[in-house]
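Engineer: This is the structure I have questions about; it appears just below.
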Ligand SMILES: Nc1ncnc2c1ncn2[C@@H]1O[C@H](COP(=O)(O)OP(=O)(O)O)[C@@H](O)[C@H]1O
Ligand SMILES: Nc1ncnc2c1ncn2[C@@H]1O[C@H](COP(=O)(O)OP(=O)(O)O)[C@@H](O)[C@H]1O
Ligand SMILES: [Mg+2]
Ligand SMILES: [Mg+2]
């Protein structure tokens, strides 16, 4: 494969929150190289650290949280060391923009939608007056909002959920960011609307040559948008690879569990495989493989020693002892085998 | 097919909100039966009228015309006190948002027994407590959870509390209104398994409401697709996936996210455009186009649909 350009590189990032005098280790030595122009999906159940990890790329951690280790290199600078809003304002919104799950958190309910987009354009593109308005109208059109002229003068509450999310995307994209982070932007929407928003994000990504990080807990969505996938559990990435490698040849037991639990892959009349138990308490130190207590096929070593990443291919690695040459032979679960067989049968 | 007992029959149901100029028809010309012991799913996008139908069956929403029968008896409109009480007991509802549907200030014990208390369905406190404990156990919660508050529980556990609350009434029929939409994927599987297990152990019948066809295939016996207050297609689950006929059903199917990147990347998203139907002269009908497979369309459309059937 051709050498790809790394646009952002997070290395051994650690993030802690203090809560009533105690420390919660939300991100535990998490590393990620983001390649220019790709769509990377970060997937994992609630609380795995997807939002916290990516919020640290734009300096938006809650006040009780801080980066306590590692580095985040963007454009030659270690942005994890930024302290002031002034430093962040050069990055946030301009170079790295974020779209959140609930559009209302990013929109001002008292301001007309057009004005909000125009402000983003004025701030970031340096356009003014009629020019800025024209660009804002173009943006509304670009994100698929019919009647931009009329919509320009409406308030957020006059938009449906899906249309509101389009507005948020328009504001985020109006400043032509290098990286767009979409944090579960469709979780609250109907599937039909979700599919349209995914389509929109894909088109904008191509047209504007953005790099996209797409956060979700739903692997169905991942298959649609991602070039590459990182699976997150208890504050760490535990497996990453090209989207095909994750769906047709996953190796981490947590990725297996996420795939197997999908109703789309369920066999009627049989129980769906579930992930029992809960993620580990991040206030405590975690010993061994964080997923081991929920893994029915955990190895003895999983409870003792944290596994390193093992290479499956040049682009695919998983942090599990299953891939150690000394490990007993373990089969991938039926869901993964079925997906691979179906893929082969299609040829 | 052998004669199957119809638990619920819905005949030409119409439900409106408001009056006069503000009158709004939310549900119209709805016809379907739910057989005892089946999971019947109602699928369509937000605002299509799914909850309104569920609430009409459980007598929360009044109907404006048509009939709803439970075990052959009409249960909409004016009915006797005894029948009303029976419907309240036998037809229960589970809600989408476990957070919003539980009273945050009440303990689980009260939340689960609220129905029993409101309708005096227990002899003494000992019996009520026993019923609560049994319901909690059945949904996989510990009996000691009874003395806790909802905020101490995760989303999945709250949904279990919502299910326990319905179960304690010993219902025969449950309207499950998007019970897993607000849950994490990993917890969805647990709740679906639980609903399936209860269906078998308690002999329950479900009306399962969803906006996502992908979930519904796995649990449903039959599926009805609803658009703008009107059912446009109804068939057995596998038949509907094999032979989706109405363009709205096809659009919903195309939007389902499949966990298979090759398939997803090739797929064409279909957007439903209601203006494709020209019903000005050739009027639409609700037609059984194949045994057990109903679709809404006019003669010209039905002709096309017949050719499409595999
Ligand atoms: N402000 C905060 N204070 C304390 N803990 C927090 C705070 N924000 C997030 N966390 C914790 O950090 C962990 C990761 O959260 P998050 O990144 O939001 O997960 P995800 O986005 O994957 O659902 C969770 O355990 C969460 O409870
Ligand atoms: N109490 C009500 N008063 C007025 N309109 C209502 C009421 N309840 C529902 N509606 C309207 O009826 C339609 C169907 O709503 P609903 O049954 O909740 O849809 P769904 O459950 O399919 O999302 C919507 O247009 C909704 O706004
Ligand atoms: Mg999050
Ligand atoms: Mg509803």
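Chains as they are written, first to last, in our numbering: chain A, 19 to 365; chain B, 863 to 1172.
Backbone N, C-alpha and C fix where the C-beta goes; we use that ideal spot for every residue, glycine too.
Small disclaimer: the values here were computed from a predicted structure and weren't measured.
Using 10 angstroms around the beta-carbon of residue 962 of chain B, count the other beta-carbons present and answer buried if the total reaches 16, otherwise exposed.
Structural biologist: Looking at its Cβ environment, which holds fewer than 16 other Cβ atoms inside 10 Å, residue 962 of chain B is exposed.
Engineer: To which residues of the same chain is residue 1042 of chain B closer than 7 Å at the C-beta, ignoring the five residues directly before and after it?
Structural biologist: 1050, 1053, 1054, 1077, listed in sequence order.
Engineer: Which residues of chain B have a Cβ atom closer than 7 Å to the Cβ of residue 290 of chain A, listed in chain order?
Structural biologist: The answer, in chain order, is 1051, 1054, 1055.
Engineer: Closest by CA to residue 905 of chain B, which one among A:322, A:262, A:312, A:208?
Structural biologist: It is A:208.
Engineer: Since residue 142 of chain A is in the alpha helix (DSSP H), which residue starts that stretch and which ends it?
Structural biologist: Taken as a continuous stretch (DSSP letters only), the alpha helix (DSSP H) holding residue 142 of chain A covers 131-143.
Engineer: Tell me which same chain residues have a C-beta within less than 8 Å of the C-beta of residue 315 of chain A, skipping the five on either side of it?
Structural biologist: So the list reads 271, 348, once near-sequence residues are dropped.
Engineer: Mind pulling the chain A residues with CB within less than 8 Å of residue 1124 of chain B?
Structural biologist: Result: 262, 361, 364.
Engineer: Assign residue 1021 of chain B to one of three DSSP states: helix, strand, or coil.
Structural biologist: Residue 1021 of chain B: helix per DSSP, three-state reduction.
Engineer: Indicate whether residue 197 of chain A and residue 234 of chain A have their beta-carbon atoms separated by less than 8 Å.
Structural biologist: No. Outside cutoff.
Engineer: Indicate whether at least one CB of chain B lies closer than 8 Å to the CB of residue 19 of chain A.
Structural biologist: In this prediction, residue 19 of chain A has a pLDDT of 46, which is less than 50 and means its spatial position is unreliable; what the coordinates show is noted afterwards. Judged by the 8 Å Cβ criterion, residue 19 of chain A is not in contact with chain B.
Engineer: Under 8 Å, CB to CB, which of the residues in the segment 34-64 of chain A have a partner in chain B?
Structural biologist: Answer set for the segment 34-64 of chain A: 63, 64.
Engineer: Quick one: does the C-beta of residue 202 of chain A sit closer than 7 Å to a heavy atom of ligand 3?
Structural biologist: Checking every heavy atom of ligand 3 against the Cβ of residue 202 of chain A, one is found closer than 7 Å.
Engineer: Give me the DSSP bridge partner(s) of residue 1098 of chain B.
Structural biologist: In the DSSP output, where bridge partners are listed per residue, residue 1098 of chain B has B:1084.
Engineer: For the beta strand (DSSP E) that contains residue 229 of chain A, what are its first and last residues?
Structural biologist: Where residue 229 of chain A is concerned, the enclosing beta strand (DSSP E) stretches over 229-234.
Engineer: Give me the Cβ distance between residue 908 of chain B and residue 1073 of chain B, rounded to the nearest whole Å; I'm assuming they're in contact under 8 Å.
Structural biologist: Contact holds; Cβ gap of about 6 Å.
Engineer: Keeping to the same chain, check which residues put their C-beta closer than 6 Å to that of residue 166 of chain A; ignore five residues upstream and five downstream.
Structural biologist: So the list reads 155, 158, 159, once near-sequence residues are dropped.
Engineer: At a CB-CB cut-off below 9 Å, which residues of chain B make contact with residue 187 of chain A?
Structural biologist: Ordered by position in chain B, no residue passes the 9 Å Cβ test against residue 187 of chain A, which lies about 17 Å from the chain.
Engineer: In three-state terms, what does DSSP make of residue 152 of chain A?
Structural biologist: Residue 152 of chain A falls in the helix class under three-state DSSP.
Engineer: Just the C-alpha distance for residue 19 of chain A and residue 231 of chain A, rounded to the nearest angstrom, thanks.
Structural biologist: Only weak support is given to the placement of residue 19 of chain A: the predicted model assigns it a pLDDT of 46, under 50, and the value that follows is read from those uncertain coordinates. Distance between the alpha carbons of residue 19 of chain A and residue 231 of chain A: 21 Å.
Engineer: Is any non-hydrogen atom of ligand 5 found closer than 7 Å to the C-beta of residue 92 of chain A, if you look at the structure I gave you?
Structural biologist: With respect to ligand 5, the structure offers nothing, as its ligand set consists of ligand 1, ligand 2, ligand 3 and ligand 4.
Engineer: With DSSP collapsed to three states, give me the class of residue 183 of chain A.
Structural biologist: Residue state, collapsed to three classes: helix.
Engineer: Mind checking if residue 241 of chain A is an interface residue toward chain B, Cβ cutoff 8 Å exclusive?
Structural biologist: Yes, residue 241 of chain A counts as interfacial toward chain B.
Engineer: Could you tell me the distance, in whole angstroms, from the CA atom of residue 1021 of chain B to the CA atom of residue 912 of chain B?
Structural biologist: Cα-Cα distance, rounded: 19 Å.
Engineer: Considering only DSSP beta bridges, list what residue 1048 of chain B is partnered with.
Structural biologist: Residue 1048 of chain B is not bridged to any residue.
Engineer: Inspect the beta-carbon positions of residue 248 of chain A and residue 60 of chain A and report whether they are closer than 8 Å.
Structural biologist: Result yes, Cβ atoms of residue 248 of chain A and residue 60 of chain A sit closer than 8 Å.
Engineer: Answer yes or no: the CB of residue 210 of chain A versus the heavy atoms of ligand 4, is any distance below 7 Å?
Structural biologist: Result no, Cβ not under 7 Å from ligand 4.
Engineer: How far does the alpha helix (DSSP H) with residue 237 of chain A in it extend, from its first residue to its last?
Structural biologist: It spans 237-243 - the alpha helix (DSSP H) in which residue 237 of chain A sits, taken as one unbroken run.
Engineer: Please report the residue range of the beta strand (DSSP E) in which residue 890 of chain B lies.
Structural biologist: 886-897 is the extent of the beta strand (DSSP E) around residue 890 of chain B.
Engineer: Going along chain A in order, which residues have a C-beta closer than 7 Å to the C-beta of residue 1164 of chain B?
Structural biologist: Those do not exist, as residue 1164 of chain B stays about 25 Å from chain A at its closest Cβ, beyond 7 Å.
Engineer: Quick check: the Cα distance between residue 1162 of chain B and residue 72 of chain A, rounded to an integer number of angstroms?
Structural biologist: C-alpha separation (whole angstroms): 53 Å.
Engineer: So does residue 908 of chain B have its beta carbon nearer than 7 Å to some heavy atom of ligand 2?
Structural biologist: True, at least one ligand heavy atom lies under 7 Å from that Cβ.
Engineer: Which runs of the alpha helix (DSSP H) spanning at least 4 residues fall entirely within the segment 239-304 of chain A, listed in chain order?
Structural biologist: Whole alpha helix (DSSP H) segments, 4+ residues: 261-266, 271-278.
Engineer: Taking residue 216 of chain A and residue 242 of chain A to be in contact with their CB atoms under 8 Å, please state how far apart those CB atoms are, rounded to whole angstroms.
Structural biologist: Yes, residue 216 of chain A and residue 242 of chain A are in contact; Cβ-Cβ is about 5 Å, under 8 Å.
Engineer: Straight-line CA distance for residue 298 of chain A to residue 974 of chain B?
Structural biologist: So the alpha carbons of these two residues sit roughly 29 Å apart.
Engineer: At a cut-off of 7 Å, is residue 35 of chain A close to ligand 1 when judged by its beta-carbon and the heavy atoms of the ligand?
Structural biologist: Within the cutoff, so yes.
Engineer: Among residues of its own chain, excluding the 5 on either side of residue 1026 of chain B, which ones have a beta-carbon nearer than 6 Å to its beta-carbon?
Structural biologist: Cβ within range, chain order: 974, 997, 998, 1001.
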